[in-house]
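Chemist:
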Amino acid sequence: MLAKKKSCLLWKFKLLLAFITVLSTTTNAQDKVYPSEITVDKSGNGNYKTIQEAINSIRDLGEKEVKIQVKNGTYKEKLIIPSWKIRISIVGEDTENTIITFDDYSGKANPSGKDAFGNPKFSTYTSFTVLVQGNDIHLENLTIINSSGRVGQAVALHVEGDRFIAKHCRFLGNQDTLYAAIENSRQFFQNCYIEGTTDFIFGKATVVFQNCTIKSLSDSYVTAASTSAQQKFGFVFINCKLIADETVTKAYLGRPWRPYAKTVFLNCEIGKHILPEGWNPWKGDKMFPDKELTVFYAEYKSKGDGASPKTRLAWTKQLTDKEAKSYTLKNILSGIDQWNPITN
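Quick note on my numbering: the sequence shown kicks off at 60 and runs consecutively.
1. Distance, Cα to Cα, Arg-209 vs Gly-255?
2. Use the C-beta contact count for Asp-258: other C-beta atoms within 10 angstroms, 16 or more gives buried, fewer gives exposed.
3. With burial defined as no fewer than 16 other Cβ atoms inside 10 Å of the residue's Cβ, what is the status of Val-354: buried or exposed?
4. Can you confirm whether the segment 330-344 touches the segment 258-270 when touching is taken to mean that 3 or more C-beta pairs between the two stretches lie within less than 8 Å?
5. So, do the segment 170-178 and the segment 118-135 have three or more beta carbon pairs nearer to each other than 8 Å?
6. From the DSSP output, in three-state form, read off Gln-234 for me.
7. For Phe-248, which residues does DSSP report across the bridge?
8. Let me know if Leu-237 comes out buried or exposed under the rule of 16 or more other beta-carbons within 10 Å of its beta-carbon.
9. Report back the beta-carbon spacing between Phe-181 and Lys-167 to the nearest angstrom; my notes put them in contact at under 8 Å.
10. Could you tell me the alpha carbon to alpha carbon distance between Gly-211 and Asn-178, rounded to whole angstroms?
11. Can you find a C-beta in chain C that's less than 7 Å from the C-beta of Lys-389?
12. Report, in whole angstroms, the separation of the C-beta atoms of Ile-196 and Ile-147, which I expect to be a contact under 8 Å.
13. Considering only the beta carbon of each residue, do Phe-296 and Phe-324 sit closer than 7 Å?
14. Between the alpha carbons of Asn-409 and Ser-186, how many angstroms are there, rounded?
15. Can you tell me which of Leu-312, Trp-341, Glu-155 puts its alpha carbon nearest to the alpha carbon of Pro-318?
16. Roughly how many angstroms lie between the CA atoms of Gln-377 and Tyr-359, to the nearest whole one?
17. So what does DSSP say about Thr-183, is it helix, strand or coil?
18. Measuring alpha carbon to alpha carbon, tell me which of Ala-213, Lys-144, Asn-156, Asn-233 ends up nearest Val-191.
19. Check the DSSP bridge columns for Tyr-107 and list the partner residues they point to.
20. Please return the same chain residues whose Cβ sits closer than 6 Å to the Cβ of Ser-385, not counting the five positions on each side in sequence.
21. Give me the Cβ distance between Lys-137 and Asp-100, rounded to the nearest whole Å; I'm assuming they're in contact under 8 Å.
22. Taking just the CA atoms, how far does Thr-308 sit from Glu-112?
23. If I measure Cβ to Cβ from Asp-364 and keep anything under 8 Å in the same chain, skipping five residues before and after, which residues do I get?
24. Go ahead and label Thr-265 buried or exposed: buried means 16 or more other beta carbons lie within 10 angstroms of its beta carbon, across all protein chains shown.
25. Quick one: Cα of Asn-399 to Cα of Leu-334, how far?
26. In whole angstroms, what is the alpha-carbon distance linking Glu-152 and Ile-159?
27. Which of helix, strand or coil does DSSP assign to Thr-202?
28. Pull up the CB-CB distance for Val-281 and Gly-313, whole angstroms please, since I reckon it's below 8 Å.
29. For a test of the three-state rule: what should DSSP assign to Leu-392, helix, strand or coil?
30. Classify Leu-198: buried if its beta carbon has 16 or more other beta carbons within 10 angstroms, exposed otherwise.
31. Could you tell me which uninterrupted beta strand (DSSP E) segments, each at least 3 residues in length, are contained entirely in the segment 344-381, listed from first to last along the chain?
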């Protein structure tokens, strides 16, 4: 009997010891210091030499915002911010001198053999230099480049996360520079510069571009929205400036990648490179013919040499003053969580 009691006491002691060990481990994990600011410096004078290392170090699904300060330099990285890395600001030291660059493109052989889906080559969707899947990611004072050249689809920035903000950034590429990817993603670009050749701003997200400069590098299409029928807004450009390389003379404001595409320019300066008809219906798409019957393409008080409301295609629209008033950040981006990108 005494032996059983001793055995029982020993078992209880071991159980208590195990509990204390687990509690201690959990407490230590909880008490692990996750800094609110991280410095990346490729020269070695920061916390990390690469931006990806800094991203990886941040607490998964953390509720406190973390700022990553990136010192000037060219960071050759294929940067991925996965869905479990949220509330992160990546701030460069200087827009033109803090550069993230890579050179993948659609059709390029994948050096690792195959991607997660078994594809031996990169596609448009995996050609990105920077992929943002986490929510509440902010970019500031950065240049993001797809440096592969004119080899077809080659994305510089691919954004799937919600409540995304980019300020004072440059996005450089050729075809498909900026992929504003999915339907439930809201994005805000302010004082940014975006350049490319064909469909270089494309995707399904709801996006506002405010005070941005958009440069066409070839005779082609600026936008290719794929807005769904359920979305009230697609791409909205407010007080933006559309410019072009001196060789460009025949560009369009956009063409619909999918039916129901929505793209609107309000109070924008339109360069002379934009053709008088302004838009293109993307005829010849056998899967989605007659897309002009469902799209919403509109302008409001366009100015500049390329502003020509009387010669725009008949199925496009010039907004009235009353209609234009609905194009506010609150109406476009707030959603049920009342998100305000200006105060975030």
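By construction, the Cβ of each residue, glycine as well, lies at the ideal position given by its N, Cα and C atoms.
Modeler: If we stick to the structure as given:
1. Counting from one through the sequence shown, the residue named residue 209 turns up at place 150. Counting from one through the sequence shown, the residue named residue 255 turns up at place 196. Each residue's alpha carbon lies about 10 Å from the other.
2. Here residue 258 refers to the residue found at position 199 when the sequence shown is read from its first residue. Classification of Asp-258: buried, given that the 10 Å Cβ count is 16 or more.
3. Residue numbering aside, residue 354 sits at position 295 when the sequence shown is read from its first letter. Under this definition Val-354 is a buried residue.
4. no
5. no
6. One-based indexing of the sequence shown puts residue 234 at position 175. Correct three-state label for Gln-234: strand.
7. Within the sequence shown, the letter at position 189 stands for residue 248. Looking at the DSSP assignment, Phe-248 forms a beta bridge with Ala-225, Phe-268.
8. On the sequence shown, residue 237 is found 178 positions in, with the first residue counted as 1. With 16 or more other Cβ atoms within 10 Å, it is buried.
9. Within the sequence shown, residue 181 is the residue found at index 122, counting from 1. Within the sequence shown, residue 167 is the residue found at index 108, counting from 1. That pair is a contact at about 5 Å.
10. Along the sequence shown, read from residue 1 onward, the residue named residue 211 stands at position 152. Along the sequence shown, read from residue 1 onward, the residue named residue 178 stands at position 119. Cα to Cα, the separation comes out at about 18 Å.
11. Here there is only one protein chain, and chain C is not present.
12. Your numbering for residue 196 matches position 137 in the sequence shown. Your numbering for residue 147 matches position 88 in the sequence shown. About 5 Å separates the two Cβ atoms, so the contact holds.
13. By 1-based counting over the sequence shown, the position of residue 296 is 237. By 1-based counting over the sequence shown, the position of residue 324 is 265. Contact flag set, yes.
14. Because the chain here runs from 60 to 403, residue 409 falls outside it and cannot be looked at.
15. To locate residue 318, count along the sequence shown from 1; it is residue 259. Answer by Cα proximity: Trp-341.
16. Taking the first residue of the sequence shown as 1, we reach residue 377 at position 318. Taking the first residue of the sequence shown as 1, we reach residue 359 at position 300. Going by the C-alpha atoms only, they are around 6 Å apart.
17. Stepping through the sequence shown from its first residue, residue 183 is reached at position 124. Thr-183: helix per DSSP, three-state reduction.
18. Taking the first residue of the sequence shown as 1, we reach residue 191 at position 132. Here the closest residue by C-alpha is Lys-144.
19. Position 48 of the sequence shown holds residue 107. Bridge partners of Tyr-107: Val-99.
20. Walking along the sequence shown from the start, residue 385 turns up at place 326. Closer than 6 Å at Cβ, skipping near neighbours: no residue.
21. Start at 1 with the first residue of the sequence shown, and residue 137 comes out as number 78. Start at 1 with the first residue of the sequence shown, and residue 100 comes out as number 41. Actually they are not in contact, since the Cβ atoms of Lys-137 and Asp-100 sit about 20 Å apart, beyond 8 Å.
22. Translated into positions along the sequence shown, residue 112 becomes position 53. Translated into positions along the sequence shown, residue 308 becomes position 249. Taking the straight line joining both Cα atoms gives about 44 Å.
23. Position 305 of the sequence shown, counted from the first residue, corresponds to residue 364. Only Ile-329, Gly-330, Lys-331 meet the Cβ criterion.
24. Here residue 265 corresponds to residue number 206 of the sequence shown, with the count starting at 1. With 16 or more other Cβ atoms within 10 Å, it is buried.
25. Counting from 1 along the sequence shown, the entry for residue 399 is found at position 340. Counting from 1 along the sequence shown, the entry for residue 334 is found at position 275. Taking the straight line joining both Cα atoms gives about 35 Å.
26. Within the sequence shown, the letter at position 93 stands for residue 152. Within the sequence shown, the letter at position 100 stands for residue 159. Each residue's Cα considered, the two are about 13 Å apart.
27. To locate residue 202, count along the sequence shown from 1; it is residue 143. Three-state DSSP puts Thr-202 in a strand.
28. In the sequence shown, residue 281 corresponds to position 222, counting from 1. In the sequence shown, residue 313 corresponds to position 254, counting from 1. At roughly 6 Å, the Cβ-Cβ gap stays under 8 Å, so Val-281 and Gly-313 are in contact.
29. Residue numbering aside, residue 392 sits at position 333 when the sequence shown is read from its first letter. Of the three classes helix, strand and coil, the one that applies to Leu-392 here is helix, per DSSP.
30. Start at 1 with the first residue of the sequence shown, and residue 198 comes out as number 139. Buried, by the Cβ-count rule.
31. 355-359
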